[in-house]
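Q: Numbering (the working numbering), first residue to last: 285 to 402.
A virtual CB, placed ideally from N, CA and C, is assigned to each residue, including glycine.
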């Protein structure tokens, strides 16, 4: 299990890395990082997205991030290239702070899996 210090250190590393690369050094919040993961998973970074598509991108990212934890399973890619997931386990009832920790841990694991951090 990762210590709280390790999580904070890795989270700050990710925020710094992503903020410099995609936001001219302006600090991105967790929602911005989730959005960028959705764009990455869609694989079409040059498209312009509508408001609804941006929400869909965040949903894709959340599904991808929570898939290794057993909450979602990849299902298929539709004819427009958008991935779809099936919910396979109910998410636990978490307080907002606990939700943030869960998502940060999932994002850290995603970046480790993609070999963007160690």
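1) Could you give the distance in angstroms between the alpha-carbon of residue 353 and the alpha-carbon of residue 332?
2) On the three-state DSSP scale, how would you describe residue 404?
3) What is the residue span of the beta strand (DSSP E) that residue 369 lies within?
4) What does the Cβ neighbour count give for residue 299, buried or exposed, with the cut at 16 atoms within 10 Å?
5) State the DSSP-derived secondary structure class of residue 359, mapped to helix, strand or coil.
6) Under a Cβ-count criterion, where at least 16 other Cβ atoms within 10 Å of its own Cβ denotes burial, should residue 289 be classed as buried or exposed?
7) Taking all protein chains shown into account, decide if residue 327 is buried (16 or more other Cβ within 10 angstroms of its Cβ) or exposed.
A: The answer reads as follows:
1) 31 Å
2) With the chain represented from 285 up to 402, any question about residue 404 goes unanswered, as that position is not in the structure.
3) 367-371
4) buried
5) strand
6) exposed
7) exposed
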